[in-house]
Amino acid sequence: MGFPLADCQKSFQYMSMEVKRKMRDEFDRLLPEYGLTEFYYRSFLRVHGYRSKVSAADVVYGVTALLESLNAESKGSKESSAAEQFWAAYSALSLSNVDQLQKGMQSAIEIQRAILRQGSSAITKTGFIRSAKKFRWVKLDDPVDTSKLCHPQALTKFCFFLMDALKERGARMKPLICACLAKEPEKVLVVGVCGKPRLGAAQGNAFGNAFRSAAEEIGADYFHDMFESSWIVLDVVAVSSFMIRLTDKL
Numbered sequence: 018m019g020f021p022l023a024d025c026q027k028s029f030q031y032m033s034m035e036v037k038r039k040m041r042d043e044f045d046r047l048l049p050e051y052g053l054t055e056f057y058y059r060s061f062l063r064v065h066g067y068r069s070k071v072s073a074a075d076v077v078y079g080v081t082a083l084l085e086s087l088n089a090e091s092k093g094s095k096e097s098s099a100a101e102q103f104w105a106a107y108s109a110l111s112l113s114n115v116d117q118l119q120k121g122m123q124s125a126i127e128i129q130r131a132i133l134r135q136g137s138s139a140i141t142k143t144g145f146i147r148s149a150k151k152f153r154w155v156k157l158d159d160p161v162d163t164s165k166l167c168h169p170q171a172l173t174k175f176c177f178f179l180m181d182a183l184k185e186r187g188a189r190m191k192p193l194i195c196a197c198l199a200k201e202p203e204k205v206l207v208v209g210v211c212g213k214p215r216l217g218a219a220q221g222n223a224f225g226n227a228f229r230s231a232a233e234e235i236g237a238d239y240f241h242d243m244f245e246s247s248w249i250v251l252d253v254v255a256v257s258s259f260m261i262r263l264t265d266k267l
């Protein structure tokens, strides 16, 4: 697009006004070719002094990233760690804690970059995405990015990114299962996504029911506290057994 490197290395708010105007013109000209027709949209802005100007969408991404970021220094249980994450995210909403929100937004950017790296790798590498009759599945074991994606919501975003990429390449739509190394030693987070249901569909989520049944048969704790995905945490050695049972049920 021909933007100066010096400006591209800055945060958007510090770019020159000429570059900002040119950037929008170039985006408006090129993005429709890639199906990005709603790249710009109206939103609320929060302005506080000269250093804090954020959109509602940025706040959502930043706070969500804080909820997904486990505290490495926490020595308590999972419940206490989750509580710490909640209060860290809650405090980021305060005008007196702008730095915490900035930290969350930077974390959201890093998660999105990890999704793009792993998604691009999965699409381009032969055999990375395995296909069964009723679903596809992929395993993430890159230690650089699994630390950012080993949270149910982050891994769900990765699954939808991969499903959209496969759809654009003409692949038939199937549910997708992703296994990612968890923070706990010898544990794997497994997320299952079946796509968005059609309005007026007469049947329920058969994939979600099969996912739950297979998890219960091997004694794994099943979670469905998000609208779009189901997830479990398994021992590494139990993944194959779970996949076999899920295949049988579908």
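Using our numbering, read the sequence shown as starting at 18 and increasing by one per residue.
The beta-carbon is built from N, C-alpha and C at its ideal position, and this holds for glycine as well.
Exercise. Would you kindly work out how many angstroms separate the C-alpha atoms of G121 and A100, rounded to a whole number?
Key: Start at 1 with the first residue of the sequence shown, and residue 121 comes out as number 104. Start at 1 with the first residue of the sequence shown, and residue 100 comes out as number 83. One C-alpha to the other measures close to 16 Å.
query: With burial defined as no fewer than 16 other Cβ atoms inside 10 Å of the residue's Cβ, what is the status of Q123: buried or exposed?
result: For the purposes of this step, residue 123 is taken as residue 106 along the sequence shown, with counting starting at 1. With fewer than 16 other Cβ atoms from the protein chains shown falling within 10 Å of its own Cβ, Q123 counts as exposed.
TODO: Helix, strand or coil for L22, going by three-state DSSP, please let me know.
DONE: Start at 1 with the first residue of the sequence shown, and residue 22 comes out as number 5. L22 falls in the helix class under three-state DSSP.
Q) Are there 16 or more other CB atoms within 10 angstroms of the CB of Q135, so buried, or fewer, so exposed? A) Locating residue 135 in the sequence shown gives position 118, counting from the first residue. Under this definition Q135 is a buried residue.
Can you grab the Cα-Cα spacing for the pair Q74 / F145, in whole Å?
The sequence position of residue 74 within the sequence shown is 57, counting from 1. The sequence position of residue 145 within the sequence shown is 128, counting from 1. It is worth fixing the name first, because residue 74 is Ala in this sequence and not Gln. Taking the straight line from one Cα to the other gives about 33 Å.
### Query
How long is the line joining the alpha carbons of T54 and N226, rounded to whole angstroms?
Here residue 54 refers to the residue found at position 37 of the sequence shown. Here residue 226 refers to the residue found at position 209 of the sequence shown. Going by the C-alpha atoms only, they are around 36 Å apart.
> For D42, does the count of other Cβ atoms within 10 angstroms reach 16, so buried, or fall short, so exposed?
Replying inline: On the sequence shown, position 25 is the one that residue 42 refers to. When all chains shown are included, D42 counts as exposed.
With a threshold of 16 other CB atoms inside 10 Å of the CB of I261, please say whether the residue is buried or exposed.
Locating residue 261 in the sequence shown gives position 244, where the first residue counts as 1. Taking every protein chain shown into account, the CB of I261 has fewer than 16 other CB atoms within 10 angstroms, so this residue is exposed.
Taking DSSP's pairing of strands, which residues face D252 in a bridge? Numbered from its first residue, the sequence shown carries residue 252 at position 235. BP columns for D252 point to K204.
message: Tell me the rounded alpha-carbon separation between A171 and L22.
response: In the sequence shown, residue 171 corresponds to position 154, counting from 1. In the sequence shown, residue 22 corresponds to position 5, counting from 1. Rounded to the nearest angstrom, the two C-alpha atoms are 31 Å apart.
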